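Just so we're aligned, residue 977 is where the sequence shown starts under my numbering, counting upward by one.
Note that beta-carbon positions come from the ideal geometry of N, C-alpha and C, so glycine has one too.
Source: prediction; values computed, not measured.
Structure first, commentary second.
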Amino acid sequence: MAEIYRHVPHAPDAHIGRIDPDNGRVYRVRPGPDEYIGRVDYASGKVYRHRPLAPDEYLGHANEDGRIYAHRFGPDTYLGRVAPDGSLFRNIPLRPDEYLGKVHGMQHPAEGAAALLLFFREEQEE
């Protein structure tokens, strides 16, 4: 099982989510039952946000080399990358990439895309 951690400077990283490798479901970790927030399609590398009472929303995808793209009208936007060890980095133009956290037990780059698109992109937009 892939476990998602957010980088916290000068402290242990915070456990914020998990991905079930059997069905690709992504959960937000919280007290009580975990919240289902999306899913990963391992065959295509695509990530979807769960929407109750509506079709799931396609957010983006990961290439086999770990590059993560957000879906939009026109060409997809490059957001960042996931390293083979599960480290997540956000692309910042004209600056070094920012380290966001890690996916422990990552088996496919799409799991890194799910972490970036479902957890870290929300924080950036807020």
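Let's test the definition: count the other Cβ atoms within 10 Å of the Cβ of residue i and tell me whether it reaches 16, buried, or not, exposed.
| i | result |
| --- | --- |
| residue 991 | exposed |
| residue 1045 | buried |
| residue 1095 | buried |
| residue 1082 | buried |
| residue 1074 | exposed |
| residue 1102 | With a pLDDT of 39 at residue 1102, under the threshold of 50, the modelled position of this residue cannot be trusted; read the value that follows with caution. With fewer than 16 other Cβ atoms within 10 Å, it is exposed. |
| residue 1086 | buried |
| residue 1057 | buried |
Leaving aside the five residues before and after residue i along the sequence, list all residues of the same chain whose C-beta is less than 7 Å from its C-beta, in chain order.
| i | result |
| --- | --- |
| residue 1047 | 1034, 1035, 1036 |
Is residue i close to chain C? Criterion is C-beta to C-beta, closer than 8 Å.
| i | result |
| --- | --- |
| residue 990 | Here there is only one protein chain, and chain C is not present. |
Could you give the C-beta distance for residue i and residue j, rounded to a whole number, given that I count them as a contact under 8 Å?
| i | j | result |
| --- | --- | --- |
| residue 1093 | residue 1078 | Not quite, the Cβ-Cβ distance comes to about 16 Å (not below 8 Å), so this is no contact. |
| residue 981 | residue 1084 | So it is not a contact: roughly 17 Å between Cβ atoms. |
With C-beta atoms as the reference, is residue i less than 8 Å away from residue j?
| i | j | result |
| --- | --- | --- |
| residue 1005 | residue 994 | yes |
| residue 1067 | residue 1076 | no |
| residue 1038 | residue 1062 | no |
| residue 1042 | residue 1000 | no |
| residue 946 | residue 1023 | An answer regarding residue 946 cannot be provided, because it is not within the stretch 977 to 1102 covered by the chain. |
Please work out which residues of its chain come closer than 8 Å, Cβ to Cβ, to residue i, disregarding the five sequence neighbours upstream and downstream, and give them in chain order.
| i | result |
| --- | --- |
| residue 1003 | 993, 994, 995, 996, 1010, 1011, 1012, 1013 |
| residue 1027 | 1033 |
| residue 988 | none |
In chain order, what residues of the same chain lie with their CB nearer than 6 Å to the CB of residue i, ignoring the 5 residues before and after it?
| i | result |
| --- | --- |
| residue 1025 | 1014, 1033, 1035 |
Examine the ligand NAP and report whether any of its heavy atoms sits within less than 7 Å of the Cβ of residue i.
| i | result |
| --- | --- |
| residue 1001 | Absence of the ligand NAP is noted for the structure shown, with no ligands found whatsoever. |
Discussion item. Extract the residue ranges of the beta strand (DSSP E) inside the region 1055-1094, only unbroken runs of 3 or more that lie entirely within it.
Written reply: Under the rule that a run must span 3 or more residues, the beta strand (DSSP E) segments found entirely inside the region 1055-1094 read 1063-1066, 1074-1080.
Practice prompt. Entirely within the region 977-1002 and at least 3 residues each: give me those beta strand (DSSP E) ranges in chain order.
Written response: Those beta strand (DSSP E) runs which fall completely within the region 977-1002 and span 3+ residues are 978-982, 990-995.
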